[in-house]
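Notes follow the structure.
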Amino acid sequence: MPTRISPIEKFAKAAAKCSVESSAYGKCIVVDYNSVHKDKCLTEFLRLKNCYLAAAKKP
Amino acid sequence: MKPTTLRSFLPRPAINQRICISRVSRGYAVQAPGNPTLQVFNRNTKYLQKERAASNVERSRQADYLKDEVAMRLSERLLDINRHFNHVLDLGANSCNIARALTLPDPDIDPSKTTSPPLSTRISHLTAADSSRTLLYRDVDLPFNQEINLTRQVLDDEERLPFEAETFDAVLSSLSMHWINDLPSQLAQINHVLKPDSPFIAAMFGGDTLYELRTSLQLSDQERRGGVATHVSPLADVRDMGGLLQKAGFKMLTVDVDDIIVDFPDTFSLMRDLQAMGESNAVLGREPGGIQKDVLLANEGIYRELHGNEDGTLPATFRMIYMIGWKEGPNQAKPLPRGSGQINIKDILGGGEVK
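Line order of the protein sequences matches chains R and L. Residue numbers are given in the UniProt record's numbering: position 45 of the first sequence equals residue 45, and the series is strictly consecutive. Residue numbers are given in the UniProt record's numbering: position 206 of the second sequence equals residue 206, and the series is strictly consecutive.
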C-alpha cells in the first residue's frame with residue numbers, strides 16, 4: 001500500500017525543483033524590501049509559478 | 001441664506017427613523033463594570049488545533065522537541081529553590097512535558113555523589129491542567145507516568161482557573177501562556193491560587209519569536225496580494241512581562257530571555273512542525289482557509305534570500321521569556337529601600353572608567 005503523501009509535502013517537493021527561479025524571485029524582492037508593492041516582481045513570480053506548475057504535473 | 005433643499009419633500013427612509021428611535025431610548029452611555037477584555041486569539045480554534053495535532057500521535061511526538069527542551073530548562077530553575085513542594089500546578093501542560101522533564105535525572109549533579117535523584121522526588125503531587133484532552137492524555141501510557149505522582153485535569157477554559165485560593169505550593173507553565181487573551185487576569189488568578197510565599201515559574205514565546213516567518217510572509221503578501229494579513233501572533237515583549245507580573249501582585253521578579261534557533265530544510269517543514277505542535281495561527285480575524293498557494297510559493301523564495309543560512313537551511317528563532325514571581329508572604333525577603341546602601345559599588349568593583 002503506498003503511503004499517503006499530504007498535499008503540503010507534494011507542494012514542497014514541486015517547489016524544491018524550482019530553486020533557481022525561487023532564488024531569482026527572492027533576490028528581486030530583497031534588493032529593496034522597503035518599497036514592495038503588488039506585482040513588483042511579477043515576471044520573476046510568473047517564471048517561478050510556471051516552473052512549479054510544470055514540476056507539480058510530473059509524477 | 002439657507003440653501004434650499006429637496007430633502008424635506010422626499011419620503012424618509014425607514015432605517016433613518018429606527019436610528020432616531022433607538023437614540024432617544026438609549027440614555028446615558030455607561031461603561032460595563034469590570035475591565036474590558038481584549039480578545040486577540042480564538043480560543044476555540046486553538047483548542048481544535050491542539051486536538052487535531054495530538055490525534056496524530058507520531059507526528060505530534062516528533063514535533064515535541066521544542067516543548068521538551070523548554071520544559072527541561074524551566075524545571076532546571078526549580079533547582080534554585082531549596083524546598084519540597086507538596087502540590088504543584090502545571091498550567092497549560094500540553095502533553096505533560098514538564099512532568100516528563102521532572103522525571104529525568106538531575107542535570108546539576110553534585111560531584112560528591114554518584115547518583116542524584118530526579119527533581120520529581122521533591123514534588124509530592126503534580127496537577128497537569130490543559131484544555132485539550134487528547135493532547136493532555138497523549139502520553140498516558142509512557143513509563144514516566146509511574147515515576148511521578150501526576151493527575152491530569154481537563155480545563156473548560158484555561159482563562160478561568162477552577163482552583164480554590166491558596167491551593168498550590170508552586171505554579172509552573174511552559175509554552176502555553178502566549179495563547180492567553182487576558183494575560184493580566186490570568187496572572188492575577190495564578191497569584192490567587194498560590195499559597196503565600198510560593199513561586200510562579202513560567203516560560204512563554206515572546207517578542208521576536210518567528211520574526212523570519214513574520215517578515216517574509218509580510219513581504220510575500222505585500223507583493224502577491226497588495227496587502228498584509230496576520231499570520232504570526234502578536235506576542236508579549238520582555239519589557240511588558242515585568243510590569244504585568246508586578247501588577248498581578250508578584251514580588252521578587254526575575255524575567256530573562258533565551259533564544260532557541262532551529263534550522264529547517266524549507267519553510268514548508270517549519271509550518272508543518274508548527275502545525276504538529278498545535279501552534280498554528282489562531283488570531284481572531286485571520287483569513288479563513290489558510291495561506292494561498294501563491295503566497296506560500298513566494299514566501300519560500302523570500303525567506304531563503306532574506307534569512308537563509310549559507311548551508312541552505314532556514315533558521316527559525318524562538319524567543320523564550322522565562323519569568324519567576326513570588327506571591328507575597330510573611331517573612332519573605334524584601335528589597336531594601338532606595339538609597340539605603342552604605343557602600344559604593346564603585347569601590348568594590350575597582351571604579352575604573354567604563355570602556
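Glycine residues also receive a C-beta, built at the ideal position from the N, C-alpha and C atoms.
Environment of residue i [buried if 16+ CB atoms lie within 10 Å]
i: L/Arg-239; result: exposed
i: L/Arg-23; result: In this predicted model, L/Arg-23 has a pLDDT of only 46, less than 50, meaning its place in the structure is not dependable; the value taken from the coordinates is given anyway. With fewer than 16 Cβ atoms within 10 Å of its Cβ, L/Arg-23 is classed as exposed.
i: R/Thr-43; result: exposed
i: L/Ile-21; result: Note that L/Ile-21 has pLDDT 43, beneath the 50 cutoff, so the model's placement of it is unreliable and the number below is only indicative. Flag for L/Ile-21 reads exposed.
i: R/Arg-4; result: exposed
i: L/Ser-174; result: buried
i: R/Val-20; result: exposed
i: R/Ala-15; result: buried
i: L/Tyr-65; result: exposed
i: L/Val-57; result: exposed
i: L/Gln-222; result: buried
i: R/Lys-38; result: exposed
i: L/Pro-199; result: buried
i: L/Ala-333; result: exposed
Residue i, DSSP secondary structure in three states
i: L/Gln-153; result: strand
i: L/Arg-73; result: helix
i: L/Phe-268; result: helix
i: L/Ala-53; result: helix
i: L/Leu-175; result: coil
i: R/Lys-40; result: coil
i: L/Gly-243; result: helix
i: L/Ile-190; result: helix
i: L/Ser-124; result: strand
i: L/Ile-261; result: strand
i: L/Thr-215; result: helix
i: L/Thr-45; result: helix
i: L/Asn-309; result: coil
i: R/Lys-10; result: helix
i: L/Val-228; result: coil
i: L/Thr-317; result: strand
i: L/Ala-236; result: coil
i: R/Lys-58; result: coil
i: L/Ile-21; result: Only weak support is given to the placement of L/Ile-21: the predicted model assigns it a pLDDT of 43, under 50, and the value that follows is read from those uncertain coordinates. Here L/Ile-21 sits in helix by DSSP.
i: R/Phe-45; result: helix
i: L/Phe-144; result: helix
Chain L within 7 Å of residue i, Cβ atoms only
i: R/Ser-35; result: no
i: R/Ala-54; result: no
i: R/Ala-15; result: yes
i: R/Lys-38; result: yes
i: R/Lys-57; result: no
Interface partners of residue i on chain R, CB under 8 Å
i: L/Glu-305; result: Ser-23, Gly-26, Lys-27, Ile-29, Val-30
i: L/Leu-48; result: Residues of chain R passing the Cβ test: none, with the nearest at roughly 18 Å.
i: L/Leu-38; result: Those within 8 Å of L/Leu-38 in chain R number zero; the least Cβ separation is about 30 Å.
i: L/Ala-229; result: The premise fails here: L/Ala-229 is roughly 14 Å from chain R at the closest Cβ pair, so nothing lies under 8 Å.
i: L/Lys-293; result: Phe-11
i: L/Leu-104; result: Within chain R, no residue comes near L/Leu-104; the closest Cβ sits about 33 Å away, beyond 8 Å.
Interface flag, residue i vs chain R, CB-CB below 7 Å
i: L/Glu-223; result: yes
i: L/Glu-147; result: no
i: L/Gly-278; result: no
i: L/Ile-212; result: Sequence check: residue 212 of chain L is Glu here, not Ile. False, the Cβ-Cβ gap to chain R never drops below 7 Å.
i: L/Ile-302; result: yes
i: L/Leu-314; result: no
i: L/Leu-219; result: yes
i: L/Leu-161; result: no
Residues that residue i bridges to, as DSSP identifies them
i: L/Ala-129; result: L/Leu-91, L/Gln-153
i: L/Thr-134; result: L/Thr-134 is not bridged to any residue.
i: R/Tyr-33; result: Partner(s): none; R/Tyr-33 has no beta bridge.
i: L/Asp-256; result: L/Tyr-322
i: L/Pro-199; result: L/Trp-326
i: L/Pro-335; result: None; L/Pro-335 has no bridge partner.
i: R/Lys-17; result: Note: R/Lys-17 sits in no beta bridge, so no partner.
i: L/Val-283; result: L/Phe-41
i: L/Ala-170; result: L/Val-88
Interface residues of chain R facing residue i [CB-CB closer than 7 Å]
i: residue 363 of chain L; result: This structure does not reach residue 363 of chain L, given that chain L is present from 1 up to 355, and the question cannot be answered.
i: L/Phe-268; result: Ile-8, Phe-11, Ala-12
i: L/Leu-297; result: Ala-15, Leu-48, Lys-49, Tyr-52
Listed by chain order, chain L residues near residue i by CB distance under 7 Å
i: R/Leu-46; result: Simply none; closest approach about 10 Å.
Closer than 6 Å: residue i CB and nearest the ligand ZN heavy atom
i: R/Cys-51; result: As for the ligand ZN, it is missing from this structure, which has no ligand bound.
Cross-chain neighbours of residue i in chain R, by beta carbon under 9 Å
i: L/Gly-226; result: His-37, Lys-38, Asp-39
- Task: Report the residues of the stretch 228-260 of chain L with a CB closer than 7 Å to any CB of chain A, ordered along the chain.
- Result: The chain labelled as chain A is not found among the protein chains of the depicted structure, namely R and L.
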